[in-house]
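Under our numbering, the first residue of the sequence shown is numbered 33, with each subsequent residue one higher.
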Amino acid sequence: MLLAETFDWAGPARFYVVIGLVGLLGVATTRGTRGPRERAAAEEADKADLPVAGRS
């Protein structure tokens, strides 16, 4: 509310753009959680019909 009162509509708009850029930066710089090693383990577990961590 303070941003809107102080800067009109541009204050909240800039705030949400910055928050979106921070989120985009986080997504772009975070490595994937399933690399080749994890995929190979999941395939082996599927073949052996074993449970895989992280899968329900």
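Beta carbons: idealized from backbone N, C-alpha and C, even for Gly. All of these numbers come straight from a predicted model, not from anything done at the bench.
Worksheet item: Measuring CB to CB, does Phe-47 end up less than 8 Å from Leu-56?
Response: no
Discussion item. What does the alpha-carbon distance come out to for the pair Val-49 and Ala-72?
Written reply: 39 Å
Worksheet item: Can you tell me whether DSSP reads Arg-69 as helix, strand or coil?
Response: helix
Worksheet item: Which stretch, first to last residue, makes up the alpha helix (DSSP H) that contains Gly-64?
Response: Careful: Gly-64 lies outside any alpha helix (DSSP H) and carries neither H nor E.
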